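With my numbering applied, the sequence shown covers -9 to 223. Take a look at the structure below.
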Amino acid sequence: MLKVLDHLEEGFIAFLMAAATTIIFVAVMHRYASGVSFLYDYVGHLDFSWAQELCIIMFVWMAKFGAAYGVRTGIHVGVDVVINRLEAKNRGRFIVFGLLSGALFTGTIALMGGHFVWENGAHYGITHALGIVNPDLYEGPTTPDLEWQTWVVYSAIPLGSSLMCFRFLQVCWAFLRTGELPHHDHGHVEGLEEDSADPQRAAQDINWFEMDDGLHPKDIAHHEGQENKEKGQ
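Structure (structure tokens):
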């Protein structure tokens, strides 16, 4: 089930990025083509005034769901100078406290955002779609260009924050069970692996500026491995 959620999350973010890039490209090309006399007759009647607003909305949704993806994969940068100097027991407590604090914060934002969306037109929109007419409900405003109901746009806040809260709890539970945190190597390029067979190539593949553990709090398993290695020497 979690694998399905992961794929949906990644696919949704990739779709938003690809669609927004395509729309921006087409809109810019249309703007320049409209300034060319012999092309104006072909493209002058096209209207892309909605493109900017749509791309802003898509980037907002992308940012909210991308933040949840960042929690799951460990790509958020953290200030961990003090935490990494603590003993393993205390370090684990601080990491759990930080993860639970993130879950509490994002969960609060999700609840408050959900209430705002509900009162801003979602209640009217849902009941109206079900054929229930209530004149006392607030219909809510619409966006200037697309004329969409703003509650649809603002739904990114409770949905994205809820997913982010879930990811914090997921990472915290995994850390309590295994003592490990998700890590992401910012210098790694997929498909380019180090060649250790050739000494000259291996020397070229060394990242002399690589920081230990990618600016993330070092998990207990990492430090136990380092301590055991030092004792063995």
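Here a beta-carbon is modelled for each residue, glycine too, at the ideal position from N, C-alpha and C. Just so you know, these numbers come straight off a predicted model, no measurement behind them.
Does the beta-carbon distance from residue i to residue j come in below 7 Å?
i: C45; j: I3; result: no
i: H(-3); j: G64; result: no
i: C155; j: G97; result: yes
i: L153; j: A53; result: no
i: A23; j: V16; result: no
i: R81; j: I73; result: yes
What three-state label does DSSP hand residue i in the structure shown?
i: F55; result: helix
i: W40; result: coil
i: I65; result: coil
i: V50; result: helix
i: V71; result: coil
i: L171; result: coil
i: L76; result: coil
List the endpoints of the continuous alpha helix (DSSP H) containing residue i.
i: E(-1); result: -8 to 24
i: D31; result: 27 to 33
State buried or exposed for residue i, treating a residue as buried only when at least 16 other CB atoms are found within 10 Å of its CB.
i: S151; result: buried
i: N124; result: exposed
i: L(-8); result: exposed
i: G92; result: buried
i: V143; result: buried
i: V26; result: exposed
i: P148; result: buried
i: G163; result: It is Trp, not Gly, that sits at residue 163 in the sequence shown. Exposed, since its Cβ has fewer than 16 Cβ neighbours within 10 Å.
i: L29; result: exposed
i: Y128; result: exposed
Legend entry - Start-end ranges of the alpha helix (DSSP H) lying completely within the segment 79 to 119, minimum 4 residues: As far as the segment 79 to 119 is concerned, its whole alpha helix (DSSP H) runs of at least 4 residues are 113 to 119.
Legend entry - Sequence ranges, beta strand (DSSP E) only - wholly within the segment 121 to 159, length at least 3: You should have found no qualifying run.
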